[in-house]
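The structure under discussion appears below in the form of structure tokens.
In full-length UniProt numbering, the protein residues as written are 1 to 296.
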């Protein structure tokens, strides 16, 4: 992805609406909101979130009511609900509004990386939709992931984890929220424990990064993988957008009413800490969402 330099990155964000463009009706000046930014699609610095003022798309703005900005930021990502519920991705049945999480539908989803920011939200959404959630994380994050409602939690560092997950029976959906060689190899050990020479369970894996890149394991025949790329503004996603992002839609109500749960925020300081925060992300962060406060 090519970006002009210098640029300003950063997404998602939360704050107060300061001004409106022509024709904006979804929100008003003074509203407390959260949203993703358009920095990676528009590639202009004014759309980046690591600054005090940022231009955003009305369609993606979600009102958060009295929820603290810091608490809303880990919850407002569109990646998990689009990955799970878009008809062009995993196409899970969406939760009702309000949801009925205790009504199980009998289907199982593996969410690899349950203590990551995206994995934790995915567990929350899948649980709200009535799916049995199977996930992995480090042992120290078991309490966090359990609090999100995961049904089965396994230590990703335990070499026996793939076998134990296989013993749970058929898994209907696969979502790799880590998408690194270790996570891909672990998933393949579940689906093809003896490699290409043995029995292979056919499956389609949705992942946050492409599997077809150096260092990633080769996929046996019968197993496919797809990187999750999603444009909220695409016409094909209009119906999903209406469900998730409309005024009074699932994200707005889920954040305001506490249905949606994720990792806790980890505030590291003001804008001078952006570089440090990016280093933390590159080194691997679990169990929290790294946040900076532009006005600190």
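Just so you know, even glycine gets a beta-carbon here, dropped at the ideal spot from N, CA and C. Just so we're clear, the structure is a prediction, and the values are computed from it rather than from any experiment.
Please look up how many angstroms separate the CB atoms of residue i and residue j, rounded, as I've assumed it's under 8 Å.
i: residue 63; j: residue 27; result: 7 Å
i: residue 263; j: residue 157; result: That pair is no contact at about 19 Å.
i: residue 176; j: residue 185; result: Incorrect: roughly 11 Å between the Cβ atoms, too far for contact.
i: residue 37; j: residue 54; result: 6 Å
i: residue 96; j: residue 114; result: With 8 Å as the limit, residue 96 and residue 114 do not qualify as a contact, their Cβ atoms being about 24 Å apart.
i: residue 251; j: residue 76; result: 7 Å
i: residue 265; j: residue 74; result: 5 Å
i: residue 29; j: residue 20; result: 6 Å
Would you check if the distance between the CB atom of residue i and the CB atom of residue j is smaller than 7 Å?
i: residue 14; j: residue 72; result: yes
i: residue 67; j: residue 255; result: yes
i: residue 100; j: residue 111; result: no
i: residue 106; j: residue 49; result: no
i: residue 215; j: residue 181; result: yes
i: residue 373; j: residue 220; result: Since the first and last residues shown for the chain are 1 and 296, residue 373 lies out of range.
i: residue 203; j: residue 223; result: yes
i: residue 109; j: residue 133; result: yes
i: residue 267; j: residue 291; result: yes
i: residue 103; j: residue 261; result: no
i: residue 3; j: residue 46; result: no
i: residue 139; j: residue 155; result: yes
i: residue 153; j: residue 174; result: no
i: residue 190; j: residue 162; result: yes
i: residue 270; j: residue 296; result: yes
Going by alpha carbons, who is nearest to residue i out of the options?
i: residue 257; options: 70, 98, 1; result: 98
i: residue 166; options: 142, 192, 268; result: 192
i: residue 200; options: 188, 172, 52; result: 188
i: residue 288; options: 117, 12, 58, 32; result: 117
i: residue 238; options: 25, 171, 69, 88; result: 88
i: residue 23; options: 143, 58, 51; result: 58
i: residue 128; options: 40, 259, 280, 278; result: 259
i: residue 65; options: 272, 248, 273; result: 248
i: residue 272; options: 207, 171, 232, 51; result: 51
i: residue 12; options: 170, 39, 6; result: 39
i: residue 35; options: 283, 281, 246; result: 246
i: residue 41; options: 282, 1, 168; result: 1
i: residue 31; options: 69, 8, 7, 280; result: 69
- Task: Counting only runs of 4+ residues fully inside the segment 224–252, write out the alpha helix (DSSP H) ranges in chain order.
- Result: 238–245
- Task: Would you list, in sequence order, the uninterrupted beta strand (DSSP E) runs of no fewer than 3 residues that lie entirely inside the UniProt domain "Alcohol dehydrogenase-like N-terminal" (3–65)?
- Result: 13–16, 32–35
- Three CB pairs or more closer than 8 Å across the segment 201–215 and the segment 225–234: yes
- Message: If we require 3 or more residues per run, which beta strand (DSSP E) segments fall completely within the UniProt domain "Alcohol dehydrogenase-like C-terminal" (117–196)?
- Response: 132–137, 152–155, 173–176
- Cβ contact check for the segment 74–92 and the segment 144–153: 3 or more pairs under 8 Å: no
- Hey, which unbroken runs of the alpha helix (DSSP H) at 4 residues or more fall wholly within the segment 63–112? 69–72, 79–85
- Message: List, from N- to C-terminal side, the beta strand (DSSP E) runs of 3 residues or more that fit wholly inside the segment 251–291.
- Response: 265–267, 289–291
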